[in-house]
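Residue numbering for the sequence shown follows the working numbering, beginning at 9 and increasing consecutively.
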Amino acid sequence: MLTNSAVKGRVLRKSQQTLLTRSLIVAGISFLLIFAFSFGFYKILDSIGIEKSSEIVNVMYIFSILLIIGSMFMSMYIWTRIQKVSKYTIISCIVAYGIAEGIAFGVLFYAIGLTVGTESEILSFGDLAYCFLFAGSVFVIAGLVGMALTAKTTFTLGKFIMVMSLIMLLMFPVMLIMYLCGATMGNGIIYAIYAAMGLLFIGYIAYDFSVISKMSEFDLFSDDKVKLNLTLMFGFKLLIDFVGLLWIVIRLAMLSRR
Numbered sequence: 009m010l011t012n013s014a015v016k017g018r019v020l021r022k023s024q025q026t027l028l029t030r031s032l033i034v035a036g037i038s039f040l041l042i043f044a045f046s047f048g049f050y051k052i053l054d055s056i057g058i059e060k061s062s063e064i065v066n067v068m069y070i071f072s073i074l075l076i077i078g079s080m081f082m083s084m085y086i087w088t089r090i091q092k093v094s095k096y097t098i099i100s101c102i103v104a105y106g107i108a109e110g111i112a113f114g115v116l117f118y119a120i121g122l123t124v125g126t127e128s129e130i131l132s133f134g135d136l137a138y139c140f141l142f143a144g145s146v147f148v149i150a151g152l153v154g155m156a157l158t159a160k161t162t163f164t165l166g167k168f169i170m171v172m173s174l175i176m177l178l179m180f181p182v183m184l185i186m187y188l189c190g191a192t193m194g195n196g197i198i199y200a201i202y203a204a205m206g207l208l209f210i211g212y213i214a215y216d217f218s219v220i221s222k223m224s225e226f227d228l229f230s231d232d233k234v235k236l237n238l239t240l241m242f243g244f245k246l247l248i249d250f251v252g253l254l255w256i257v258i259r260l261a262m263l264s265r266r
């Protein structure tokens, strides 16, 4: 016969699994929203029939980068502030983020499409498919690793990615200013920076999965409102993590084609 603590442990583990499943569903549906907006915006640009030129490609490419990274950092900041807001506010944040990223990726895909088959080809659409597959595989692996982490390791990982996030946040405006001023960096340095950013997002994914798996330590699941808010919050965060990782993978693939 099971003891009361064992029964309680089973119940909490079931709640933990439900939270993880629902959070992943929120992230998945939200990513479909991003994909839908990117495809729609791509079709709009295609119907306009923008002339192929290196200047147009560069402008669209820079715009997409700024919008992708800007909305990502903004959403990460907003996520730290939404713990005590209503579900409707969280949903609004997810929708706004999805629209912004959808437009950004739509512009990026169109810029890539303008170069396909030319000497200045950025990426092929087959390369993009591999980027999605690779990012998805890494996301799953990092999530499984995160779920296996101990509470102490999770705490250490959290402190490490916080420090790394601050460093990357300070480096981004420096890199942008250098780019706008025409300064160049060696490919090795650029690769190292993006690889570090990729590892940072992998750390985010592992950390978030670990935190969700540790939520069984808190008896919060009897309140439906709390469960819903937690589901939306973690779903939003997993979405940001995956989009960030996907962008880094695409960027590294672009650099490899230079």
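Cβ atoms here follow ideal geometry from the backbone N, Cα and C, with glycine treated the same way.
All figures in this text were calculated on a predicted structure; none of them were measured in a lab.
In this structure, DSSP gives serine 94 a state outside helix and strand, which the three-state scheme calls coil. Taking glycine 106 as the centre and dropping the five residues before and after it, the same chain places the C-beta of Ser38, Leu41, Ile42, Phe45 closer than 7 Å to its C-beta, in chain order. In this model, valine 34 and aspartate 54 are separated by some 30 Å (Cα to Cα).
Under the DSSP assignment, glycine 154 falls in the alpha helix (DSSP H) whose first and last residues are 133 to 156. Nearest to serine 62 by C-alpha distance, out of Val93, Gly48, Leu152, Ala119, is Ala119. Here the alpha carbon of phenylalanine 142 sits roughly 10 Å from the alpha carbon of valine 148. Excluding residues up to 5 positions away in sequence, Leu260, Leu263 lie with their Cβ nearer than 8 Å to the Cβ of tyrosine 199 in the same chain.
If only complete runs of 4 or more residues are kept, the stretch 50 to 128 shows the alpha helix (DSSP H) at 62 to 87, 95 to 123, in order along the chain.
With fewer than 16 other beta carbons inside 10 angstroms of its own, asparagine 66 counts as exposed.
For methionine 68, the number of other beta carbons within 10 angstroms of its own is at least 16, and it is reported as buried.
Its Cα nearest to that of isoleucine 175, the residue Tyr202 stands out among Gly48, Thr162, Tyr202, Val153. Spatial neighbours of leucine 28 in its own chain (CB-CB distance under 6 Å, excluding positions within 5 residues in sequence) are listed in chain order as Ile220. The Cβ-Cβ distance between glycine 211 and leucine 165 falls below 8 Å. The beta carbon of serine 79 sits closer than 8 Å to those of Tyr105, Ala108, Glu109, Ala112, all from its chain and outside the five residues before and after it, given in chain order. Approximately 14 Å separates the beta-carbon atoms of isoleucine 86 and asparagine 237; this is outside 8 Å, ruling out the contact.
Here lysine 60 has Leu122 as same chain residues with Cβ atoms under 7 Å from its own Cβ, once five neighbours each way along the sequence are excluded. Taken atom to atom, the span from the alpha-carbon of methionine 172 to that of isoleucine 56 is near 42 Å. Note that the C-beta distance between glycine 154 and isoleucine 77 is not below 8 Å.
With contacts defined as CB atoms closer than 8 Å, isoleucine 256 and glycine 206 qualify as a contacting pair. Residue environment analysis places valine 251 among the buried positions, since at least 16 neighbouring C-beta atoms fall within 10 angstroms of its C-beta.
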